[in-house]
Amino acid sequence: MLICAVTLLRVNQNTTIYIIHIVMKSTLKISALVLAFAGLALGAKAQTTTSTTSGTKTSTSSNGVILSIGVDAGIPTGKLSDSYNWNIGGSVQADIPVAQNLFVTVNAGYNSIQGKNNLRFVTPGGVTTFDATNIQLLPVKAGLKYFVVPNFYVQGEAGAAFALNKSDVGFDKSAAFIYAPQIGYQFQLGGKNVIDAGVRYEGSTKFISSVSDSKVNFVGLRVAYGFGL
Numbered sequence: 010m011l012i013c014a015v016t017l018l019r020v021n022q023n024t025t026i027y028i029i030h031i032v033m034k035s036t037l038k039i040s041a042l043v044l045a046f047a048g049l050a051l052g053a054k055a056q057t058t059t060s061t062t063s064g065t066k067t068s069t070s071s072n073g074v075i076l077s078i079g080v081d082a083g084i085p086t087g088k089l090s091d092s093y094n095w096n097i098g099g100s101v102q103a104d105i106p107v108a109q110n111l112f113v114t115v116n117a118g119y120n121s122i123q124g125k126n127n128l129r130f131v132t133p134g135g136v137t138t139f140d141a142t143n144i145q146l147l148p149v150k151a152g153l154k155y156f157v158v159p160n161f162y163v164q165g166e167a168g169a170a171f172a173l174n175k176s177d178v179g180f181d182k183s184a185a186f187i188y189a190p191q192i193g194y195q196f197q198l199g200g201k202n203v204i205d206a207g208v209r210y211e212g213s214t215k216f217i218s219s220v221s222d223s224k225v226n227f228v229g230l231r232v233a234y235g236f237g238l
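The numbering of the sequence shown is my numbering, which starts it at 10 and goes up by one.
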């Protein structure tokens, strides 16, 4: 589960500096649920691929699994934007058909949230500056993807994000719960090949339970090349 923490740095008797860190805690239960979800989806696909009604075959909106490899980018929101500029990364996603126009998605990726340089805090003793350390996360999510009309879809995912540089950013937890509603469009390239472009809001739970603003949230864009397996 992805959890953002805020460290309180006491400069003097009258001044306290708030420094945001991302704190992560391993969530084996969430990972197990993601894997179980994928297994159930594969089982459902095997049972719903083809059916016959009055001699006419009907099938799901795809003849098989679509695998996509994409580039991810985003802009932090909320308290995170005070110390971080943007994030960049990549992801791999499998879309598994389970019904007409409906897919189960399984997604794993990498996000590097880029810290701002020369952050300044004015104190009675002068100006304190520091550079925010980049946050490196590995998100793992599962969800549902539904095509409302041809090529246009809505998608919702949930899972966990794991810290890859916990010690560098001073985390005291290693993972946190994340959720990501998304809308997108698939551009057909011929056959089962597509360009998949989606915009999402990705949010997390608090990174420390006692600080309501300690969350890692961002608006993200994913552009991916997809192909049928």
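Think of the CB as a built atom: it goes at the ideal place given N, C-alpha and C, for glycine as much as any other residue.
Asked                                                                                            : Found
Three CB pairs or more closer than 8 Å across the stretch 169-179 and the stretch 139-149        : yes
Reference Asn226, options Glu211, Val101, Gln102 and Ile75, closest by Cα                        : Glu211
C-beta atoms of Ile78 and Tyr188 nearer than 8 Å                                                 : no
Alpha helix (DSSP H) runs wholly inside the stretch 164-194, at least 4 long, in chain order     : 175-178
Leu238 in three-state terms, based on DSSP                                                       : coil
Local conformation of Ser90 per DSSP, three classes                                              : helix
Residue burial classification, Ile192 (beta-carbon count within 10 angstroms, cutoff 16)         : exposed
Residue from Ala185, Tyr194 and Asp140 with nearest C-alpha to Val163                            : Tyr194
Contact the stretch 120-136 vs the stretch 102-111: 3+ CB pairs below 8 Å                        : no
Contact under 8 Å by Cβ, Val228 with Gly87                                                       : no
Beta-carbon separation (whole angstroms), Asp140 vs Asn160, contact threshold 8 Å                : So it is not a contact: roughly 43 Å between Cβ atoms.
Bounding residues of the beta strand (DSSP E) (the contiguous stretch that carries Val225)       : No beta strand (DSSP E) contains Val225, which DSSP labels as neither H nor E.
Buried or exposed (CB count within 10 angstroms, at least 16 for buried), Gln109                 : exposed
CB-CB length for Phe236 against Leu76, believed under 8 Å                                        : 6 Å
Min CB distance Phe196 to chain D below 8 Å                                                      : Among the chains in the structure shown there is no chain D, since it carries only a single protein chain.
Residue closest to Trp95, alpha-carbon to alpha-carbon, out of Thr142, Gly165, Gly200 and Val203 : Thr142
Three-state class that DSSP yields for Ala233 in the structure shown                             : strand
Same chain only: Cβ atoms within 8 Å of Thr114, ignoring 5 sequence neighbours per side          : Gln102, Ala103, Asp104, Ile105, Lys150, Ala151, Gly152, Leu153, Lys154, Gln164 and Glu166
Whether Gly135 touches Tyr93 by CB criterion (8 Å)                                               : no
First and last residue of the uninterrupted beta strand (DSSP E) at Ala141                       : From DSSP, Ala141 is part of no beta strand (DSSP E); its letter is neither H nor E.
Counterpart residues of Gln102 in DSSP-defined beta bridges                                      : Ser77 and Asn116
Beta-bridge partners of Gln123, as assigned by DSSP                                              : Trp95
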